[in-house]
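Numbering (my numbering), first residue to last: 25 to 349. Structure, as structure tokens:
Structure, rendered in structure tokens:
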């Protein structure tokens, strides 16, 4: 058994038989282990668009004294599961001793399901060293990150949570988050409703708005509730679709979940306190009860003669009277 030297060197191995009748020698060259290093700041691109593709390149250096061949199986990857991005080396290449070379990868699909955010890529290199021995190791990328561009939109609340038909300023509150590593400019929005012809009256704050990397913008959409076409008591869901630009890329994102609210009748009837007459009822007598009602809503109300009644409840007795006119 021969133990290799700890440092590159030249040595001679001599062999002789036990009887001393045979002898020989062989020169051994101890070479350093293959060493590749990623050159800081050379990975391109560092921004990707989900649903698109990317052709990555990165420069690597060889500080050793022998050339290194980088070949098939070399990959650059990030993400997990079905949304992972993996790019394979386009063609084998040799990295000269003491020099550097650019690893060029074939275009890789970026799944549309890739969640916007920052990712730490992994660079796996496979190949052979100067002696022809195979190697397989990961290079340290020194904290380099790839930014998947996009926005995450979520519903917060509806103000008020119950809006009457014809209501003129329903506030729909959404959070628009930019988890990527690049600044986004929110340029537009549209709000969709599960039913009804709502009118989008603009946003607060007004667009466009800058959303720095890693921050959230709270956006309130003002909407006018239609005066009809929706049954009172209906639950409505509102979904915001936000449009934003990142450098030369433009994309859209929809809120999930959206904002829910209830549409109620525009009529708001209430009996005026103390307006009921008479205050006393005598047995065996005929009385004509009356009460004053107030409509605090935004729509006129017509009371049906056969369906509107006043009900008097007492100990053991209930009296009811229909609307006279």
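Even glycine gets a Cβ: it sits at the ideal position worked out from N, Cα and C. Since this is a predicted model, take the numbers as computed values, not measurements.
Below 8 Å on the Cβ atoms is my guess for residue i versus residue j; work out the distance and round it to an integer in Å.
i	j	result
residue 215	residue 263	7 Å
residue 80	residue 111	5 Å
residue 241	residue 200	5 Å
residue 279	residue 198	6 Å
residue 117	residue 125	6 Å
residue 129	residue 114	6 Å
Inspect the beta-carbon positions of residue i and residue j and report whether they are closer than 8 Å.
i	j	result
residue 184	residue 211	no
residue 102	residue 136	no
residue 165	residue 204	no
residue 266	residue 177	yes
residue 245	residue 170	no
residue 119	residue 72	no
residue 167	residue 159	no
residue 66	residue 92	no
residue 268	residue 175	yes
residue 313	residue 293	no
Tell me which residues share the same chain as residue i and place their Cβ nearer than 8 Å to its Cβ, disregarding the 5 neighbours each side in the sequence.
i	result
residue 315	295, 296, 299, 300, 301, 334
residue 77	131, 132, 133, 134
residue 227	213, 243, 244, 245, 246
residue 123	85, 86
DSSP on residue i, reduced to helix/strand/coil?
i	result
residue 107	helix
residue 312	coil
residue 160	strand
residue 57	coil
residue 170	strand
residue 329	coil
residue 288	strand
residue 188	strand
residue 226	strand
residue 257	coil
residue 50	strand
residue 98	coil
residue 113	strand
residue 90	coil
residue 138	coil
residue 320	coil
residue 265	strand
residue 295	strand
residue 353	Examination of residue 353 is not possible in this model, given that the chain is present from 25 through 349 alone.
residue 277	strand
Only counting the same chain, and skipping five residues up and downstream in sequence, which positions put a Cβ closer than 6 Å to that of residue i?
i	result
residue 261	218, 282, 284
residue 270	173, 206, 208
residue 258	287
residue 182	196, 283, 285
Name the DSSP bridge partner or partners of residue i?
i	result
residue 233	210
residue 84	62, 125
residue 202	239
residue 143	170
residue 195	183, 246
residue 381	Only positions 25 to 349 of the chain appear in this structure, which leaves residue 381 out of reach.
residue 155	Residue 155 is not bridged to any residue.
residue 70	Per DSSP, none; premise fails for residue 70.
residue 148	99, 162
residue 176	201
residue 118	93
Once the 5 residues before and after residue i are set aside, which same chain residues still bring their CB inside 7 Å of it?
i	result
residue 221	250, 253
residue 88	56, 58, 59, 121
residue 247	194, 196, 215, 222, 223, 224, 225
residue 149	60, 94, 98, 161, 163
residue 90	55, 121, 153, 154
residue 64	166
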